[in-house]
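For reference, the structure is listed below as structure tokens.
4 protein chains.
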Amino acid sequence: MTIPVDGETDDPPTTARRRRRNPHSHQSILAATSELLGEVGYTALTMEGVAARAGVGKATVYRWWPTKGALVVETLSAQLPAPEPIDTGELRQDLLTAIRRAVQILAVGPAAAVIPALAADLSSDPAMAEQFRAQIIRPRRTVVLEVLQRATRTGELPADVDTELLLDIYAGAVFYRVLVSGEPVTDGLAVQLVNLLIDGKTPVTRPDGHADSAH
Amino acid sequence: MTIPVDGETDDPPTTARRRRRNPHSHQSILAATSELLGEVGYTALTMEGVAARAGVGKATVYRWWPTKGALVVETLSAQLPAPEPIDTGELRQDLLTAIRRAVQILAVGPAAAVIPALAADLSSDPAMAEQFRAQIIRPRRTVVLEVLQRATRTGELPADVDTELLLDIYAGAVFYRVLVSGEPVTDGLAVQLVNLLIDGKTPVTRPDGHADSAH
Amino acid sequence: MTIPVDGETDDPPTTARRRRRNPHSHQSILAATSELLGEVGYTALTMEGVAARAGVGKATVYRWWPTKGALVVETLSAQLPAPEPIDTGELRQDLLTAIRRAVQILAVGPAAAVIPALAADLSSDPAMAEQFRAQIIRPRRTVVLEVLQRATRTGELPADVDTELLLDIYAGAVFYRVLVSGEPVTDGLAVQLVNLLIDGKTPVTRPDGHADSAH
Amino acid sequence: MTIPVDGETDDPPTTARRRRRNPHSHQSILAATSELLGEVGYTALTMEGVAARAGVGKATVYRWWPTKGALVVETLSAQLPAPEPIDTGELRQDLLTAIRRAVQILAVGPAAAVIPALAADLSSDPAMAEQFRAQIIRPRRTVVLEVLQRATRTGELPADVDTELLLDIYAGAVFYRVLVSGEPVTDGLAVQLVNLLIDGKTPVTRPDGHADSAH
DNA sequence: GAGTAAACGAGACGGTACGTCGAGTCTTTTC
DNA sequence: GAAAAGACTCGACGTACCGTCTCGTTTACTC
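Protein chains in written order, with this note's numbering: chain X, 144 to 358; chain Z, 144 to 358; chain Y, 144 to 358; chain A, 144 to 358.
Below, the structure written as structure tokens:
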């Protein structure tokens, strides 16, 4: 195929000029960043520490990533599982999967502690914001947008459904709960959100997640 | 009374002894923090800078606030408008007001740029998280919780409505949109959220905010 | 006597304000500089290395000495023997002593390797040049100037002798020989210089230093 | 001829083999060095800067000159006027000319600011010291040595005059005055030195240089 | 109203990290 | 096959703040 899959490094054949980064250093740096993110978190991560852990000069880190944020975005994007398409054949199930993935990333996995701190830098660094959205957010949103668009074709959702808002609502709920409320995020949250978004059911308290799903 | 009026933080009856903070310094520090937050933002705010701007020794700042975060939380809490009760007599209108207030704080006002950065520190600093929730979040949530509880009594909402989740949903949508999506937040968002949460209407794209409000 | 000898710090009575340097740090830094000068020389001496060796923060070094040169000048001035007055009763002997002292400092002692490198910075750093001359050169020149002035009173030297030049000649000869010619400096050099400067004897080659001293 | 014409510096007979340096790069580098010496001085001159200014890779500079000092010595030697023989027929005049040349190089011309800094590196870099003496110092000393040797044949100077020391004295006086004393160097200095060295006249202060020359 | 303890401004302190620069080496590409 | 281009590791630069710690000096509560 001729798809120029690649992402961050690049394909020697096409470019030829520019960029001849040492792939070994490059990998060491990403690995060191990943380790240190796990050990000390985003805030306490330093470029100096990354360079030291990677056995690399600081200048080498700065040569390829202008800021800590850019480095972390790339590290995250490399270590997060690729966003597989979702298509179970049923909207409810698809959306549930999507929300569970969001929960996984925002509340459970190793990135959970990193993303909020990263997000905080977005408003003051537009370049990084764009990189973050392009490398982390957009690929995952795209998958869910396809789910929703499919549903408009089958009539499960109205043709003019505000897909963007729908995504913001469930992702925001998870994000806000983790970050601001500080309450635990259970699977029940995913179910309640699906019920609300698809069936318009105002969320009610139930001891457990399979609540209300019986209808 | 002869109670040494003062603290927004401590209870005069029990302490009485201890603490004889200079109210002038105290005010200078909060004012300096507020100014600097506006000028350089949360990240670039330094304790050193605050002390200098306030014409105060660094130790004086540290004496009363252990961290930058704690200082900023108190500054914010002092400058944010007090959360007035909401009671228009109609749930829809009450909730709309609540959401608009959230938008005001999270997306429009001077705190909009500060809160995300502040929030990022919450996961790594539980003490500050508690202070943040107690001084900023809880008072405002309480007002809305009263609105929702009133609605359960009138039957506008089911008795077992998950009020906490409801709050997380609309606040999260606003927060996420500002912080992560980076999309503009319009008043239409508030209307769409009310429609969804009260009437179960899946959000659809409309050019403007008064969409669907006809019911 | 009650002369407030002091030298580099300052007299508390008059100033009172400003300057409250930690004498312990101050000493550690000078000691570390002295050691490192001996171990690695002036060129390879770094402010960072000094701070590390002294167990002190870099900022502390920079707080009191703006440049490496200033630090080295003060170190040298502290470790060089104080310039004792010279008065043997005889001009020839006095001058011989003076030249031998110059040889000692410029060619033999621990400062011999440092002064040339230091001198090289003088032309590009007038502040340091002044400090160097005031702390190192002038005190030693003053002693010899007194010798020469005494000689003019006794008639051993003409009243209008160009004392400054006389000093430049013998010091320059030693300095140049060490630095540029790279030839060894023997005691014969001192004798030859005395003969030339006092008796006007053109220097001739003699196997050893006591040459010509018989007059 | 088959000699690979090239160097302004090396002797074709001995080297012949080895070396096929690109004459264009070679010239660019020397020119860049010369310019930068004038602009920023010896200390602030960097190999990196030279390479950039010359439009050449750093490795190319390092291939031909092992150190900054070596490069500067060669640059200087190429741009300093060749040491013409001196023979006015009169020792006094010859020596005056020699001293004036020394003043010209050490105190007036473009090399004045460079040589002290260069000299400072000599004691720590014997290879460079040798190169410096061979390319810069020796050729000029040789010319004056001839003057002095001629004078011994005519009896103007004693047969066993210490020629080396004589040179060190006048060169040292100029050098020291420029570098250490920091006093201005006038032509009177040259006259005073000649008077001392040839006639044994102790230097006296006179408003101007033609002093004492009348005798 | 004097004595005393605290809070105060000032800022030095030992540190960590910043982001930049240059050293000197090495590899890859170009002519 | 030399040399351009420039990436690489290393280490120092000089600065900014960190949070702690003396210093005297107010200041306002005791006694």
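Even for Gly, the Cβ is constructed at its ideal location relative to N, Cα and C.
query	result
Going along chain X in order, which residues have a C-beta closer than 9 Å to the C-beta of Z:Ser266?	Gly184, Ala255, Ala256, Pro259, Ala260, Val321, Leu322 and Gly325
Is there at least one Cβ from chain A nearer than 8 Å to Y:Arg206's Cβ?	no
Output yes if chain A places a C-beta closer than 8 Å to the C-beta of Y:Thr295; else output no.	no
For X:Asn338, which three-state DSSP category applies?	helix
Check the C-beta distance from X:Ala256 over to X:Leu249 and give it rounded, since I have them as a contact under 8 Å.	Not confirmed; about 10 Å, so no contact.
Between the alpha carbons of Y:Gly198 and Y:Gln170, how many angstroms are there, rounded?	11 Å
Is the separation between the beta-carbon of A:Ala333 and that of A:Arg243 shorter than 8 Å?	yes
Going by other Cβ atoms of all chains shown within 10 Å of its Cβ, with 16 needed for buried, is Y:Tyr319 buried or exposed?	buried
Note the first and the last residue of the continuous alpha helix (DSSP H) segment covering Y:Gly315.	Thr306 to Tyr319
Give me the chain A residues within the contact set of Y:Gln335, using Cβ-Cβ distance strictly less than 8 Å, ordered along the chain.	Asp305 and Leu308
Looking at the structure shown, is X:Val287 part of a helix, part of a strand, or coil, going by DSSP?	helix
Pick out whichever of A:Thr176, A:Ile312, A:Val337 and A:Ser168 has its Cα sitting closest to the Cα of A:Pro253.	A:Thr176
Looking at the strands, I want to know which residues DSSP matches up with Y:Val347.	A:Val304
Helix, strand or coil for X:Ile229 per DSSP?	coil
Return no unless some Cβ of chain A is closer than 8 Å to the Cβ of Y:Arg244.	no
What does a CB cutoff of less than 7 Å around A:Leu322 pick up in its chain, not counting 5 residues either side in sequence?	Pro259
Is the distance from the Cβ of Y:Pro269 to the Cβ of A:Leu309 below 8 Å?	no
Does any residue of chain X have a CB that is nearer than 8 Å to the CB of Z:His188?	Strictly speaking, residue 188 of chain Z in this sequence is Leu, with His absent from that position. Not closer than 8 Å to any Cβ of chain X, the Cβ of Z:Leu188 fails to qualify, so no.
What is the DSSP secondary structure of A:Leu360, counted as helix, strand or coil?	The displayed coordinates of chain A run from 144 to 358. Any statement about residue 360 of chain A would go beyond what the structure contains.
Beta-carbon of Z:Ile248 versus every beta-carbon of chain X: anything under 8 Å?	no
If we cut at 8 Å on Cβ distances, does Y:Thr329 have a partner in chain A?	no
Is Z:Glu217 near Z:Leu265, with beta carbons less than 8 Å apart?	no
List the residues of chain X that Z:Arg276 touches, going by C-beta distances under 9 Å, in chain order.	Val323, Ser324 and Gly325
Count the other CB atoms, across all protein chains shown, that sit within 10 Å of the CB of X:Tyr205; report buried if there are 16 or more and exposed otherwise.	exposed
Would you report the Cα separation of A:His167 and A:Thr203, rounded to the nearest angstrom?	12 Å
Measuring CB atoms only, is the stretch 283-290 of chain A touching the stretch 225-232 of chain A, in the sense that at least three cross pairs come out at less than 8 Å?	yes
Taking 7 Å as the limit between beta carbons, can you name the residues of its chain near X:Lys201, skipping five residues before and five after?	Met190, Glu191 and Ala194
Would you check if the distance between the CB atom of X:Ala361 and the CB atom of Z:Ala263 is smaller than 8 Å?	Shown here, chain X extends from 144 to 358; a query on residue 361 of chain X therefore has no answer.
Looking at the C-beta of X:Asp311, does it have a partner C-beta in chain Z at a distance below 8 Å?	yes
Counting only the same chain and skipping the five closest in sequence on each side, list residues whose C-beta sits under 6 Å from that of Z:Thr306.	Leu288 and Leu291
Write down the C-beta distance between Y:Ser267 and A:Thr186 rounded to the nearest angstrom, noting that I regard them as a contact closer than 8 Å.	6 Å
Show which residues of chain X have a CB atom less than 8 Å away from the CB atom of Z:Pro346.	Val304, Asp305, Leu308, Leu309 and Ile312
Note down, in chain order, each residue of its chain lying with its Cβ closer than 6 Å to the Cβ of Y:Thr240, except the 5 sequence neighbours on either side.	Ile229
In chain order, what residues of the same chain lie with their CB nearer than 7 Å to the CB of Z:Arg196, ignoring the 5 residues before and after it?	Ala175, Glu178 and Leu179
Could you tell me the alpha carbon to alpha carbon distance between X:Ala294 and X:Glu273, rounded to whole angstroms?	29 Å
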